[in-house]
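Each protein sequence line maps, in turn, to chains X and S. Residue 1082 is where the first sequence starts when you use my numbering, and the numbers rise one by one after that. Residue 1087 is where the second sequence starts when you use my numbering, and the numbers rise one by one after that.
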Amino acid sequence: MSLALDKPRSPRRPAARRSNGELYSWLFMRLSGLLLVVLVLGHLFIMNILDGGVHKINFGFVAGRWASPFWQFWDLAMLWLAQIHGGNGVRTVINDYARKDSTRFWLKMLLYVSMVLIISLGTFVIFTFDPNISN
Amino acid sequence: MTATAETTAGSRGSQPPVPDGAVTVTVKIRRFNPEIDDEPRWDAFDIPALPSDRVLNLLHHIKWYVDGTLTFRRSCAHGICGSDAMRINGVNRLACKVLLKDLLEKGDKRTTITIEPIKGLPVHKDLLVDMEPFFEAFRAVKPYLVTYGNEPTRERIQSAADRERFDDTTKCILCACCTTSCPVYWTEGSYFGPAAIVNAHRFIFDSRDEGAEERLDILNDIDGVWRCRTTFNCTDACPRGIQVTKAIQEVKRALLFKRV
């Protein structure tokens, strides 16, 4: 079965890991991108163009929207998809351009920590938002 | 070791007579001599050339009659062997397939042609690069027929339609124009690169071959096809006109739908 090569694979390249991780990440980028087009453009339209645009936004407006589970879900989906989509994009950029393994590792750690922080903070706010806080 | 100083003589003696209709062009070459230079440098040569000359003729003229130390690869000089891949005016081309008339400036302006070694591979000297990392990636995708079971007593039959599926990728001459035009390959040498994927494609879609799954597993890795950003540099660079990016996309599709 084994074929004799004059210079078989060099040790620099590790054997294939037989994992579909990169495939799923590639696929996720396409699908989340499509969803984000709808979510972000919809968000932009509602917040900045309809009914006097950005000037109508105040505490009451946000409180009114988040009273509905639909808009809670919309904003939650947008937060998660945008964070993971963007984070995954930056991950591929780091993989492509970091020259040292240690640089690559620490840049990715920084990225993952910031992603987790922003996702948790945003999710926390969406679910625990109290419209009566000013009272 | 005594490094000889810049020789100004060519390897074939004095310059031949300038032919009728010749124009003088400036050839700027990115040079590196590991025995003298710490950094690559630019050398410019003003040489007479005919519009029907190929860029390779200009390099020959410099090496033979101006500066014999100029180092580059070339073998067949007719676009078949793939030895003389280089970066000509910023794009990867075979020096033997680019005609001077296609590079000439309009009007009376002096034409300057820049020639650099292909990017992303270690430079040995001048335009000569170490091709070993390129061939290492090529070997890693098992670019040979893989079959199991008993060998048939007669030839392995294939329909014309089945042959057509990988016809485009059989044209590869391993010149490295595509791989060294890829921005991902420039910064991260562990990416397999377009040429290796093209040669994997040639066997993955061959109905006689049984190693498709092994090759797809190899290309499913972090350094495999998912690294491709579809910038199409490779398709533009290929001197054989292979639709390289399309071939890479076909491998992605085979992985995505688990179907060859």
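A virtual CB, placed ideally from N, CA and C, is assigned to each residue, including glycine. This one's a predicted model, so the numbers in the text were calculated from it and none came from an experiment.
For the structure I just gave you, are there three or more beta carbon pairs, one from the segment 1162-1180 of chain S and one from the segment 1122-1130 of chain S, closer than 8 Å? no
Supposed close pair Cys1263(S), Pro1325(S) - CB separation, criterion 8 Å: The count along the second sequence starts at 1 and reaches residue 1263(S) at position 177. The count along the second sequence starts at 1 and reaches residue 1325(S) at position 239. Yes, they are in contact, since the Cβ atoms of Cys1263(S) and Pro1325(S) sit about 6 Å apart, within 8 Å.
Say whether chain S places a C-beta atom closer than 8 Å to the C-beta of Asn1101(X). Position 20 of the first sequence holds residue 1101(X). So, interface residue.
Taking Cβ-Cβ distances below 9 Å as the criterion, which residues of the segment 1166-1196 of chain X are in contact with chain S? Thr1173, Asn1176, Asp1177, Tyr1178, Ala1179, Arg1180
Residue-level contact to chain S via CB, Leu1112(X), 8 Å cutoff: As a position in the first sequence, residue 1112(X) is number 31, starting the count at 1. Not one chain S Cβ lies under 8 Å of Leu1112(X).
Using a threshold of 8 Å, state whether the C-beta atoms of Ile1204(S) and Thr1255(S) are closer than that. To locate residue 1204(S), count along the second sequence from 1; it is residue 118. To locate residue 1255(S), count along the second sequence from 1; it is residue 169. The answer is no: Cβ separation not under 8 Å.
Runs of beta strand (DSSP E) wholly within the segment 1126-1177 of chain S (minimum 3 residues, chain order): 1127-1135, 1171-1174
What residues in its chain sit with their C-beta under 8 Å from that of Leu1305(S), if we drop five residues either side in the sequence? In the second sequence, the residue the question calls residue 1305(S) occupies position 219. Cβ neighbours of Leu1305(S) beyond the five flanking positions: Val1227, Phe1278, Ile1283, Ala1286, Val1311, Val1337, Leu1341.
Going by the CB atoms, is the gap between Ala1179(X) and Leu1191(X) shorter than 8 Å? Position 110 of the first sequence holds residue 1191(X). Position 98 of the first sequence holds residue 1179(X). The answer is no: Cβ separation not under 8 Å.
Find the nearest neighbour of Gln1164(X) within the set Glu1103(X), Gln1153(X), Met1196(X), Phe1140(X), judged by alpha-carbon distance. Within the first sequence, residue 1164(X) is the residue found at index 83, counting from 1. For Gln1164(X), the nearest C-alpha among the options comes from Met1196(X).
Runs of alpha helix (DSSP H) lying entirely within the segment 1109-1183 of chain X, each at least 4 residues, in chain order: 1140-1147, 1150-1178
Thr1255(S) in three-state terms, based on DSSP: Looking up residue 1255(S) in the second sequence gives position 169. Three-state DSSP puts Thr1255(S) in a helix.
Here's the rule I'm using: 16 or more other beta-carbon atoms within 10 Å means buried, otherwise exposed. How should Arg1313(S) be labelled? The residue labelled residue 1313(S) in the question sits at position 227 within the second sequence. Classification for Arg1313(S): buried.
Would you say Trp1155(X) faces chain S, with C-beta separation under 8 Å as the test? Within the first sequence, residue 1155(X) is the residue found at index 74, counting from 1. Output row for Trp1155(X): interface = no.
Nearest chain X C-beta to Thr1273(S) closer than 8 Å, yes or no? Here residue 1273(S) refers to the residue found at position 187 when the second sequence is read from its first residue. Taking Cβ atoms only, chain X reaches closer than 8 Å to Thr1273(S), which makes this a yes.
Can you confirm whether Leu1104(X), when its beta carbon is compared against all beta carbons of chain S, has any partner nearer than 8 Å? As a first step, residue 1104(X) is located in the first sequence; it is residue number 23 there, counting from the start. Yes - at least one Cβ of chain S is within 8 Å of the one on Leu1104(X).
Put Ile1334(S) into one of helix, strand or coil per three-state DSSP. In the second sequence, residue 1334(S) corresponds to position 248, counting from 1. If DSSP states are grouped into helix, strand and coil, Ile1334(S) belongs with the helices.
Closer than 8 Å, CB to CB, is Trp1152(X) near chain S or not? Taking the first residue of the first sequence as position 1, residue 1152(X) is located at position 71. Residue contact check for Trp1152(X) against chain S: no CB pair falls below 8 Å.
Identify whether Ser1201(X) lies in helix, strand or coil by the three-state DSSP scheme. Along the first sequence, read from residue 1 onward, the residue named residue 1201(X) stands at position 120. Of the three classes helix, strand and coil, the one that applies to Ser1201(X) here is helix, per DSSP.
Per-residue contacts from Leu1162(X) into chain S (C-beta, under 9 Å): As a first step, residue 1162(X) must be located in the first sequence, where it is residue number 81. Within chain S, no residue comes near Leu1162(X); the closest Cβ sits about 20 Å away, beyond 9 Å.
How many angstroms separate the CA atom of Lys1211(S) from the CA atom of Lys1149(S)? The residue you call residue 1211(S) lines up with position 125 of the second sequence. The residue you call residue 1149(S) lines up with position 63 of the second sequence. Looking at the two C-alpha atoms, the distance is approximately 14 Å.
Using a C-beta to C-beta distance shorter than 8 Å, which residues of chain S count as neighbours of Leu1108(X)? Numbered from 1 along the first sequence, position 27 holds the residue referred to as residue 1108(X). Within chain S, the residues near Leu1108(X) are Leu1342.
Looking at the C-beta of Asn1285(S), does it have a partner C-beta in chain X at a distance below 8 Å? As a working note, residue 1285(S) is residue 199 in the second sequence. No Cβ of chain X is located within less than 8 Å of the beta carbon of Asn1285(S).
Val1270(S) touches chain X at which residues, Cβ-Cβ below 8 Å? In the second sequence, residue 1270(S) corresponds to position 184, counting from 1. Simply Asp1177.
Near Ala1144(X), which residues of its chain fall below 6 Å by C-beta distance, leaving aside the five closest residues on each side in sequence? Position 63 of the first sequence, counted from the first residue, corresponds to residue 1144(X). Once the five neighbours on either side are set aside, the close Cβ partners of Ala1144(X) are Pro1212.
Are the segment 1183-1200 of chain S and the segment 1231-1247 of chain S touching, with three or more C-beta to C-beta distances below 8 Å? At 8 Å Cβ cutoff, the stretches do not touch.
Going by DSSP in three states, Leu1104(X) sits in which element: helix, strand or coil? As a working note, residue 1104(X) is residue 23 in the first sequence. Note: Leu1104(X) maps to helix in three-state DSSP.
Would you decide whether Pro1168(S) is buried or exposed? Buried here means 16 or more other CB atoms lie within 10 Å of its CB. Locating residue 1168(S) in the second sequence gives position 82, counting from the first residue. The sequence given here has Gly at residue 1168(S), not Pro. It is buried - the Cβ of Gly1168(S) has at least 16 other Cβ atoms within 10 Å.
Could you pull the DSSP bridge partners for Thr1110(S) from this structure? Here the question's residue 1110(S) lines up with position 24 in the second sequence. Pro1134(S).
Any contact between the segment 1110-1118 of chain S and the segment 1132-1145 of chain S? By contact I mean 3 or more CB pairs, one from each, below 8 Å. yes
If we call anything under 8 Å between Cβ atoms a contact, is Asp1309(S) one with Ser1276(S)? Locating residue 1309(S) in the second sequence gives position 223, counting from the first residue. Locating residue 1276(S) in the second sequence gives position 190, counting from the first residue. Yes, they are a contact pair.
Phe1291(S) versus Ala1158(X) - alpha carbon distance: Position 205 of the second sequence, counted from the first residue, corresponds to residue 1291(S). Position 77 of the first sequence, counted from the first residue, corresponds to residue 1158(X). Their Cα atoms are separated by approximately 40 Å.
Apart from the five residues just before and just after Glu1296(S), which ones in its own chain have a Cβ nearer than 7 Å to its Cβ? Working through the second sequence from its first residue, we reach residue 1296(S) at position 210. Counting only Cβ-Cβ distances below 7 Å, and skipping sequence neighbours, we find Val1232, Thr1233, Tyr1234.
Assign Cys1162(S) to one of two classes, buried (16 or more other C-beta atoms within 10 Å of its C-beta) or exposed (fewer than that). By 1-based counting over the second sequence, the position of residue 1162(S) is 76. Within 10 angstroms of the beta-carbon of Cys1162(S) lie fewer than 16 other beta-carbons, which makes it exposed.
Take the Cβ of Arg1301(S) as the centre, count every other Cβ of all protein chains shown within 10 Å, and call the residue buried at 16 or more, exposed below. Counting from 1 along the second sequence, the entry for residue 1301(S) is found at position 215. Buried: at least 16 other Cβ atoms inside 10 Å.
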